[in-house]
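Structure record follows, encoded as structure tokens.
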Amino acid sequence: MSDMNTLSGQSSGGQVGITVTGDPILGNTLRILGGGPLAQSAMAQWHRVTDSGALEIIAGATRVQYAPEPRDMGYQLSCMLTPPAGGKPLVAVSSKKITMSGGLHDYVNTLMVNGGGEFNVVIVQLNGAMQDRRSVFQLEVLPSKLKIKKGTKTKYKENYNDSMQVCGARGGGDAAAQGLFLALSSSLVFMLACESSRERNAAIMLIHVTYLVWDMEDPIADGNGFLSKRIDLSVDIQQWQTLASLVQHFLKMLLSFFASADSCVAENLAQRLMRDPETSLEAFFFFFFFFFFYGFQLKIENVHSEVCNLFIDALIKDPD
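Okay, so the sequence shown: first residue is 277 according to the working numbering, each after it adds one.
As structure tokens, then:
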């Protein structure tokens, strides 16, 4: 990985320097100005600049224009122009770190609380082939899958998986700020055009967060018996029958307490989960923290309650 401190300000002898223009806000397009003839022939590459000065390549961002996406928030962006015949590159850095456009956080937060969202899109390309841009579809983000619909009819759908990809379009011009690259699978790759840059960035953020929540929920199964079905209580039942009646009575009270307490805790966590993300946060990753913290705790409490009830059903047979 290159370092900004060693590259900043470098250029080939006698060449005109370059600058990054455009407000560093999601929804805008950044452009490179200057560079003379080199800007027309050089190979461009955009990077995210970390606080330590290291450069993180933005895959596919190889034009002199670039529309920042949510992944870029909190970073300054740099563009490096490398002469085709070799030589020192020209480097320019955005004046500020990329920030979120006004109202975007609240919009995505509302969609998350409602369990998903739907965005009007045009399919520009499907698996690299150009499509009829007059047809409007709906990209639906659900808790466990993504759908592309035409009215009420589902045209394409795919459950969340590790190979799914979503990011902003990498093309040039202002239209890139509304473009969305979406790979549902290796055989379903779309280039979509959203109604606005706000819709495009909201869709990217919502898909990323929903996927992360799905990925977190999957191992603990959202209280659907995934864990309890894997618990063998045969040995516990044998040991239970050997316990003194007083010990059994104490354990009955203990299991009953935990089963009821977990329900109260789960209800409280659910209320906090719905309330805390509505607060105005300075950075979107704090929203991730609150959502995952309360969401994960809620899942754990559900599993704990499920296991307690499993013990009660299996061990306590007498009417008292």
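By construction, the Cβ of each residue, glycine as well, lies at the ideal position given by its N, Cα and C atoms.
In the structure shown, the three-state DSSP call for THR486 is helix. Around the Cβ of PHE466, a 10 Å sphere holds 16 or more other Cβ atoms; the residue is buried.
With contacts defined by Cβ atoms closer than 8 angstroms, GLU434 and SER411 do not form a contacting pair.
The Cβ neighbour count for PRO419, taken over all protein chains shown within 10 Å, is under 16; the residue is labelled exposed.
In the structure shown, SER581 adopts helical secondary structure according to DSSP, grouped into three states. Under DSSP, the beta-bridge partners assigned to THR358 are MET319.
At a cut-off of 3 residues, the continuous stretches assigned as beta strand (DSSP E) that sit fully inside the stretch 386–462 are 393–402, 413–417, 421–426, 429–435, 441–444, 455–461.
The beta carbon of GLU475 sits closer than 8 angstroms to those of PHE395, ASN396, GLN454, all from its chain and outside the five residues before and after it, given in chain order. Of the residues assessed, ALA479 falls on the buried side of the cut-off, its CB having 16 or more other CB atoms within 10 angstroms. According to DSSP, PHE466 shares a beta bridge with LEU402, LEU458. Taking every protein chain shown into account, the CB of HIS323 has 16 or more other CB atoms within 10 angstroms, so this residue is buried.
Here the alpha carbons of GLU332 and GLY350 stand approximately 13 angstroms from one another.
A direct Cα-to-Cα measurement between THR297 and ASP408 gives close to 33 angstroms. ILE424 counts as buried, since at least 16 other C-beta atoms from the protein chains shown sit within 10 angstroms of its C-beta.
Ranking TYR436, LEU415, VAL442 by CA distance to the CA of LYS429 puts LEU415 first. A residue is called buried once 16 or more other Cβ atoms fall within 10 Å of its Cβ, and GLY404, having fewer, is exposed. Across the structure, SER532 and ALA452 are spaced so that their CA atoms are roughly 58 angstroms apart. Beta-bridge partners of ARG307 (DSSP): THR297, GLN341. For ILE592, no beta strand (DSSP E) encloses it, and the DSSP letter there is neither H nor E.
Here the C-alpha atom of ILE308 lies approximately 12 angstroms from the C-alpha atom of THR338. In this structure, the beta-carbon distance from VAL398 to LEU468 falls below 8 angstroms.
Judged by their CB atoms, PHE457 and CYS470 are not nearer to each other than the 8 angstroms cut-off. Sequence-distant Cβ neighbours of LYS373 in its own chain, meaning closer than 7 angstroms and more than five residues away, are PRO300, GLY350, TYR351, GLN352. Contact annotation: MET481 and PRO346 have beta-carbon atoms nearer than 8 angstroms.
For ILE513, the enclosing alpha helix (DSSP H) begins and ends at 510–518.
Per DSSP, reduced to three states, the secondary structure at GLU475 is helical. According to the DSSP assignment, LEU331 belongs to the beta strand (DSSP E) that extends over 331–333.
When the Cα atoms are used, GLY363 and GLN321 turn out to be separated by approximately 15 angstroms. For LEU366, the uninterrupted beta strand (DSSP E) segment begins and ends at 366–369.
Distance from the Cα of MET376 is smallest, within the candidate group SER510, SER521, LEU591, PRO344, for PRO344.
Out of ILE483, THR326, LEU357, the CA that lies nearest to the CA of GLY310 is found in LEU357. Straight through space, the alpha carbons of SER354 and VAL325 are spaced by roughly 7 angstroms. Rounded to the nearest angstrom, the gap between the Cα atoms of LYS426 and PHE587 is 48 angstroms. Beta bridge pairing from DSSP links ARG324 with GLU332, LEU353.
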